[in-house]
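Using numbering that gives the first Met the number 0, you'd call the opening residue of the sequence shown number 0 and step up by one each time. Contents: one structure, followed by commentary.
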Amino acid sequence: MWIAHYASGLIAKPFVPGVPLSLLTLAGALPDVSFLTLQFFGIETFNLDQSLVPRGCFPYSNDYPYSHSLLGMTLAGVLLSVIYRQSTSAPVTLKDQVAIVAASMSHFLLEWPSHREDIKITPHDSYQLGAGMFDHTAVTFFVECAIFLAGLWIYTSLAPMSTKTGYKTHKNRLLGIALFMVGAQAHFSFGSAPTTNTRWVHAPLFLGQVLASCWLLGKLES
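In structure tokens:
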């Protein structure tokens with residue numbers, strides 16, 4: 000999935016209002032950030048697979064046993080929560096840390112129905128999971144948008160007013176960010192790969208979009 004991964008951070012925000020929204024949404028997308036970073040070093044790989052192009056969106060053959068295993072997602076979330084605790088002067092509760100780890104782990108629950116069979120419980124499992132929703136581009140688009148918008152609704156409805164200053168004081172910010180995210184999903188679902196160079200073209204573009212999206216969502220609260 001793509002923008003649906005930010006929903007976990009949006010949903011978590013009302014329960015841990017002290018944790019920055021940008022960090023919570025980053026936690027939801029953390030396995031993708033980990034994967035796109037690891038592939039620069041050849042630890043994990045993804046390649047454009049022409050046989051998948053006619054089938055649907057994200058036409059890549061992936062080898063990402065560490066970032067896209069449930070165990071790897073959990074450990075990445077723990078690492079992010081530790082980094083956050085060590086880098087902020089604000090008090091960080093156990094609840095805050097659990098929310099960060101849970102957001103990262105939620106990545107697995109969303110990848111299972113959407114991915115083709117390429118995710119695992121542990122890195123060295125021989126059995127791979129995935130229901131293949133990516134083979135249905137329109138379904139992927141509408142499901143992802145629905146999950147993201149549901150998360151956005153929960154955040155805007157339930158989060159404390161002090162965490163919504165950004166869009167409350169800037170009239171069109173909420174709508175603008177929502178439209179940007181839906182546009183990003185449309186590109187993910189219906190767009191074509193710009194080149195066949197995944198390592199040095201596709202990966203930086205995907206990574207940049209993820210980090211920019213987390214930063215942009217953080218502007219809803221500040």
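Cβ atoms here follow ideal geometry from the backbone N, Cα and C, with glycine treated the same way. All values derive from a computational prediction rather than experimental measurement.
Fill in: Runs of alpha helix (DSSP H) lying entirely within the region 5-93, each at least 4 residues, in chain order
Counting whole runs of 4 or more residues, the region 5-93 contains the alpha helix (DSSP H) stretches 6-11, 20-37 and 69-86.
Practice prompt. Tell me whether the beta-carbon of Thr-155 lies closer than 8 Å to the beta-carbon of Gly-55.
Written response: One-based indexing of the sequence shown puts residue 155 at position 156. One-based indexing of the sequence shown puts residue 55 at position 56. No, these two residues do not count as a Cβ contact at 8 Å.
Worksheet entry | For His-114 and Leu-148, the rounded distance between their alpha carbons | Locating residue 148 in the sequence shown gives position 149, counting from the first residue. Locating residue 114 in the sequence shown gives position 115, counting from the first residue. Computed Cα separation, rounded: 21 Å.
Worksheet item: Got a sec? Which residues, its chain only, sit under 6 Å from Asn-46 by beta carbon, not counting five neighbours each side?
Response: For the purposes of this step, residue 46 is taken as residue 47 along the sequence shown, with counting starting at 1. These residues qualify, in order along the chain: Ser-60 and Thr-197.
Practice prompt. Enumerate in chain order the residues of its own chain whose CB-to-CB distance from Ile-176 is below 8 Å, with the five nearest sequence positions on each side excluded.
Written response: Taking the sequence shown and counting its residues from 1, one reaches residue 176 at position 177. Once the five neighbours on either side are set aside, the close Cβ partners of Ile-176 are Tyr-166, Leu-215, Leu-216, Lys-218 and Leu-219.
Worksheet item: Quick one: Cα of Gly-41 to Cα of Leu-35, how far?
Response: Along the sequence shown, one-based indexing puts residue 41 at 42. Along the sequence shown, one-based indexing puts residue 35 at 36. If I take the Cα positions, the gap works out to 10 Å.
Worksheet item: Since Ile-118 sits in a beta bridge, which residues does DSSP pair it with?
Response: Here residue 118 is taken as the residue at index 119 of the sequence shown, counted from 1. Beta-bridge pairing links Ile-118 to Leu-128.
Worksheet entry | Residue range of the unbroken alpha helix (DSSP H) whose run includes Pro-203 | Numbered from 1 along the sequence shown, position 204 holds the residue referred to as residue 203. Per DSSP, Pro-203 belongs to the alpha helix (DSSP H) from 202-217.
Discussion item. Please state whether the Cβ-Cβ distance between Leu-109 and His-186 is less than 8 Å.
Written reply: Counted from its first residue, the sequence shown places residue 109 at position 110. Counted from its first residue, the sequence shown places residue 186 at position 187. Not closer than 8 Å, so no.
Discussion item. Only counting the same chain, and skipping five residues up and downstream in sequence, which positions put a Cβ closer than 8 Å to that of Arg-172?
Written reply: In the sequence shown, the residue the question calls residue 172 occupies position 173. Counting only Cβ-Cβ distances below 8 Å, and skipping sequence neighbours, we find Gly-165, Tyr-166, Lys-218 and Leu-219.
Discussion item. Need the endpoints of the alpha helix (DSSP H) that Ile-2 sits in, please.
Written reply: Residue 2 sits at position 3 when you count from the first residue of the sequence shown. Note, Ile-2: premise wrong, no alpha helix (DSSP H); not H, not E.
Worksheet item: Which residues bound the alpha helix (DSSP H) around Gly-165?
Response: For the purposes of this step, residue 165 is taken as residue 166 along the sequence shown, with counting starting at 1. Gly-165 -> alpha helix (DSSP H) spans 164-167.
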